[in-house]
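**Q**
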Amino acid sequence: MMMAVLCFETAQAQVVMDGSLGPSGSLVGPDFRVTADLGQQRGANLFHSFSQFNIGTGESATFSGSAAIANIISRVTGGDVSTIDGLLRSDISGANLFLLNPAGVLFGSNASLDVSGSLHISSADYLRFANNEQFMAVPQVGEVLSTAAPAAFGFLGSDGAIQIQGAVLTPASESTLTLAANGIDLDNASLVIDQGAVQLASVASVGEVSLATGEVTGAQVLADINIINQSEIRVGGEGGGRVFMQGDSILMDESVVAGQTTGDVQGQGIVVQAMVLDLSNDSVIDASSFCAGGGGNIDLQIAQDLTLYSASTVSSDAVGTGNAGSIVVLANQLLIDDAGSGFLTGIFSDSTATATGDAGTIDIQVENVDVLGGGFISSSTFGVGDAGDITVSADRLLIDRAGSDSLTGIFSDTDAGATGDAGTVNIQAVNVEVLGGGQISSSTFSAGDAGSITVSADLLLVDRAGSVFFTGIFSDTDVTSMGDAGSIDIQAGEIEVLGGGEIGSNTFGAGDAGSIAVLAERLSIDRVGADFLTGIFSDTDVMSTGDAGSIDIQAGEIEVFGGGEISSSTFGAGGASRISVLADQLLMDGTSSGFVTGILTRAGPTSSGNAGSLMIDTRTATLGNRAVVSSATTGTGRAGNVVVSVVLDLSLSDQATISTETVDGFDPLLPTSIQLTAQNLSLDGGSSINTNANGTADAGAIDLNVVDTIRMFDDSRLSTESVQGGGQITVQVNELLHLKNSEVTTSVAQGGGNGGDIFVDPEFILLDNSSVIAQAFAGAGGNITLIADYVIRSAGSVIDASSRLGIDGQVDIQALGNEVDTGEEDLSADFLKAAGWIKQACTQRSGNNVSSFIINRRHPRPSPYDDWSASPVGF
């Protein structure tokens, strides 16, 4: 570029005919007249040939001829760059002007145009016509001048560049400006055409550039295009305009390419084809619609990297009654980074506050997408029009706020004051990472509805990573909104929600939250010490009147750790919704986080709505360290039912809980229940299954249906508690109910309600320092029914159906064998282990001196299994 500037500064202003098509010699300036008799005319084509063509500052060159001339075709053969710093004019109305100089063309800051037709400038080696005849830039012996219309510029390699430095070039309205060269540079330059087209093609090898489209064909190597230093290309107007750019690396810095529509005709759009497209420092590609005519489409076809940096944008907005155009991005790598500018950076198709037209769709198909530090992909509505849909297809999608103060992510929202609806967001990727304040959102802040969000990935990672900003996937309703939130549908091989990350469809206003559906091979939720909520949520806020949405999760493995939650809760007038979990393996562990860990549906103290129901269906389930499955209400609403179905083993340890709870209900409420089925059930370390009602509702019922065994150890509880009426406990277990330092209890703490009944039906009941209690205060105690082959209890065990002030309940023990009271405070750990007792029996009884000595007593105590067995005494 320095050499080009030097050439411009030292070039002499002159126009010299080379004599190949007419007379030779210099024309007289400063106003050079290039008349028809200096060239040759064939049909509607007028040909000129110059050895030098330069227009100095304050000078002009005017082409003239008959009105029959449609194309003025000029070549420069002397090997020097043509420098134009004056007026380039044609006084042939409507004629197109062609200028070929293989050495290149330079426009200075004083250059201007007065051409009523289209202008095509190139460093090409030839001009090809529609009949495939060629006009060569180097004169040929016996050359044939074509009468056909020009069709393409042809390159043979090693051609010059076109540079425009500081010039404002304004070709005629509805015309086409074509620049085709080995390198194109716009430096503080403007190309402005009303309703016209600008075509930039940069070619570094053998190939052709179509005059109709500007597209390069046959070239193996392209050259660069630089649009820098507040340059602009504008082709707007009544019918919009068209911009086409094709090159190797296209750089825009502090510059604008705009094809805006300001009339009633559809815009023609912007197409960019390149190996690399780089926009930085407030650069813009825009095809917005300002009136009734729809905006043009933006089509970016980038073979390698597309970068939007530091307040740079690609946009097609609806500003008037017309709809915005669509944006399509094809690339290998897309990087959007605000870089601390504090201004919008990204890809936008919005319906603005003044618009009634709809925003356009955004379709991104890229191998790797990085949206960083204030970067945006957005199709939102700020007015009457609807937002557009966003589709991102990638191998990897990374959204990371990276410490920026600006929102970062993918958004299709309805803004405050809008009545239009948000669009859908559809993400399809191998890996999706939403980190450190990044968001994927389709939310409503107005009367319009939010859109749905769909994510399909092999790996989805949502991690707040220490950020103070919300991080995750959201479809919410704002406190001022009337519209509904959208649904969230996620299908992934592996999903990790960590350290304050959220997947949520919540309502803070009058609208309803949306449903959430998750399908995964593995789902892991872990708060990992963060101070922020972590998990999957569909909640209603304190000021909201809408309902929460349902949550449906299907996964091979589900892990909820250290304060992680799956929650549908209400804190307002609306109700929470159901949660359904279907898994092969469910593992939940509070891991001493200090926060609630588990699956919950709640109605908070400020709510009047109901909590939702919980349905868990899994092959195995393990709850530890205060993990919770709970439907609870502390407001005026009722809790929901809890249904847990486990094919094999359900284990609760270290104060884990399955519960329903009604705390402050004021109206008579229907009780809620817990229904549980499993192959085996174990509770240990203070764990519990309970229903609790402190308001006017009865305690809910608990119904356990277990195939093999129920083991409850170390202060574990199966209980219903209330201040009104007791809840019933039903335990159906085929083999064994074993309680050690634990209890099964129904209780009414006060009032005249009756105690709840307890019904237990296994083969063996073993009570080791444990209790089965059905108590009441003023009402009747509950009835206890124990049906078993054997009922065995230690001396410290209690079976009680009493009432403090009322009538005691009945205790009915139906043991087919003996009811055994061992008289021992505690039963040995190996009480039911038969292997030790029988290991020598066959050997001893097969001997000749077999004997027996039998003592019948009320409380027999078995001998140790390693003691001698006496031989029987025969009579």
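Mind the numbering: the sequence shown is residues -2 to 872 in this note's numbering, read in order. Think of the CB as a built atom: it goes at the ideal place given N, C-alpha and C, for glycine as much as any other residue.
Based on DSSP bridge pairs, tell me the residues matched to Gly532.
**A** Beta-bridge pairing links Gly532 to Glu499, Glu562.
**Q** Can you give the Cα-Cα distance for Ile810 and Val757, rounded to whole angstroms?
**A** Roughly 10 Å between the two C-alpha positions.
**Q** Apart from the five residues just before and just after Arg842, which ones in its own chain have a Cβ nearer than 7 Å to its Cβ?
**A** In this prediction, Arg842 scores a pLDDT of 44, lower than 50, which makes its location untrustworthy; no coordinate-derived value is stated.
**Q** Return helix, strand or coil for Asp758, following the three-state DSSP convention.
**A** Of the three classes helix, strand and coil, the one that applies to Asp758 here is strand, per DSSP.
**Q** Give every residue of the same chain whose Cβ lies closer than 6 Å to the Cβ of Pro602, excluding the five residues on either side of it in the sequence, and list them in chain order.
**A** Thr631, Gly632, listed in sequence order.
**Q** Tell me the DSSP secondary structure of Ala771 in three-state form.
**A** Reduced to three states, the DSSP call for Ala771 is strand.
**Q** Is the distance from the Cβ of Ala100 to the Cβ of Asp122 below 8 Å?
**A** No, the Cβ-Cβ distance between Ala100 and Asp122 is not below 8 Å.
**Q** Given a cut-off of 8 Å, decide if Ile267 and Ile295 are closer than it, judged by their beta-carbon atoms.
**A** Cβ distance < 8 Å, so Ile295 and Ile267 count as in contact.
**Q** Where Ala773 and Gly793 are concerned, what is the direct C-alpha to C-alpha distance, given to the nearest angstrom?
**A** The alpha-carbon atoms of Ala773 and Gly793 are separated by roughly 22 Å.
**Q** For Asn223, does the count of other Cβ atoms within 10 angstroms reach 16, so buried, or fall short, so exposed?
**A** Buried, since its Cβ has 16 or more Cβ neighbours within 10 Å.
**Q** Can you have a look at Ala65 and say buried or exposed, based on whether 16 or more other CB atoms are within 10 angstroms of its CB?
**A** Counting Cβ neighbours within 10 Å, Ala65 comes out exposed, since fewer than 16 surround it.
**Q** Taking a contact to mean a Cβ-Cβ separation below 8 Å, would you say Ile81 touches Gly55 in this structure?
**A** Result no, Cβ atoms of Ile81 and Gly55 do not sit closer than 8 Å.
**Q** Considering only residues of the segment 180 to 252, which uninterrupted beta strand (DSSP E) runs meet the minimum length of 3 residues and lie entirely inside it, listed in chain order?
**A** Complete beta strand (DSSP E) runs here, min 3: 181 to 184, 187 to 189, 194 to 199, 204 to 207, 222 to 225, 229 to 231, 239 to 250.
**Q** When the Cβ atoms of the segment 134 to 142 are set against those of the segment 184 to 192, are three or more pairs found closer than 8 Å?
**A** No: the two stretches stay apart, fewer than three of their Cβ pairs being nearer than 8 Å.
**Q** For Thr615 and Glu718, I'd like the C-alpha separation in whole angstroms.
**A** Distance between the alpha carbons of Thr615 and Glu718 is about 28 Å.
**Q** Report all residues from its chain with a CB closer than 7 Å to the CB of Gly382; omit the five preceding and five following residues, and keep chain order.
**A** Cβ neighbours of Gly382 beyond the five flanking positions: Ala315, Ser348, Ala352, Thr353, Gly354, Asp355, Ala356, Gly417.
**Q** Per DSSP, what kind of secondary structure is Leu35 in: helix, strand or coil?
**A** It is helical.
**Q** Let me make sure I understand the geometry here. Which of Ser648, Thr59, Gly572 has the alpha-carbon closest to that of Ser604?
**A** Ranking the options by Cα distance to Ser604, first place goes to Gly572.
**Q** Under 8 Å, with one C-beta from each stretch per pair, do the segment 390 to 404 and the segment 361 to 368 reach the 3-pair mark?
**A** Counting Cβ pairs under 8 Å, three or more are found: they touch.
**Q** Let me know if Pro136 comes out buried or exposed under the rule of 16 or more other beta-carbons within 10 Å of its beta-carbon.
**A** With fewer than 16 other Cβ atoms within 10 Å, it is exposed.
**Q** Could you tell me which whole beta strand (DSSP E) segments of length 3 or greater appear in the segment 65 to 144?
**A** Listed in chain order, they are 68 to 73, 79 to 81, 84 to 87, 93 to 97, 102 to 104, 109 to 111, 116 to 119, 123 to 126, 131 to 133.
**Q** So, is Asn503 buried or exposed, given that buried needs 16 or more other C-beta atoms within 10 angstroms?
**A** Asn503 comes out buried.
**Q** Hey, how far is the Cα of Gly414 from the Cα of Ala447?
**A** Straight-line Cα distance between these residues: approximately 14 Å.
**Q** What are the start and end residues of the beta strand (DSSP E) that includes Ala873?
**A** What is shown of the chain runs -2 to 872, which leaves residue 873 out entirely.
**Q** According to DSSP, is Asp581 part of a helix, a strand, or is it coil?
**A** Note: Asp581 maps to strand in three-state DSSP.
**Q** Thr421 to Leu303, Cα distance in whole Å?
**A** Their backbone Cα atoms lie some 24 Å apart in a straight line.
**Q** Measuring straight from C-alpha to C-alpha, what distance separates Leu914 and Phe60?
**A** For residue 914 there is no data in the structure shown, the boundaries of the chain being -2 and 872.
**Q** For my contact list, Glu556 and Leu597 are in at a C-beta cut-off of 8 Å; report their separation, rounded to the angstrom.
**A** Going by Cβ atoms, the distance from Glu556 to Leu597 rounds to 16 Å, so no, they are not a contact pair.
**Q** Please go through the same chain and pick out, in chain order, the residues whose beta-carbon is closer than 6 Å to the beta-carbon of Asp523, but skip the five residues on each side of it.
**A** So the qualifying residues of the chain are Leu495, Phe558, Gly559, Gly561.
**Q** If we count the other Cβ atoms within 10 Å of its Cβ and call it buried at 16 or more, is Gly128 buried or exposed?
**A** For the sequence presented, residue 128 should be read as Asn rather than Gly. Asn128 is exposed by the Cβ-count criterion.
**Q** Distance check for Ile762 and Ile789, CA to CA, integer angstroms please.
**A** Taking the straight line joining both Cα atoms gives about 6 Å.
**Q** For Phe152, count the other beta carbons within 10 Å of its own beta carbon; 16 or more makes it buried, fewer makes it exposed. Which is it?
**A** Label assigned to Phe152: buried.
**Q** What residue does the beta strand (DSSP E) around Ile416 start on, and which one ends it?
**A** The sequence shown places Thr at residue 416, rather than the Ile named in the question. Neither: Thr416 is in no beta strand (DSSP E) and is coded neither H nor E.
**Q** Contact check, Ser376 vs Ile387 under 8 Å by CB: the rounded distance?
**A** Contact flag correct, Cβ pair sits at about 5 Å.
**Q** How would you label Ala58, buried or exposed, when you count the other beta carbons within 10 angstroms and need 16 or more for buried?
**A** Buried, by the Cβ-count rule.
**Q** Can you give me the C-alpha to C-alpha distance between Ile159 and Phe340, rounded to a whole angstrom?
**A** In a straight line, the C-alpha of Ile159 is about 33 Å away from that of Phe340.
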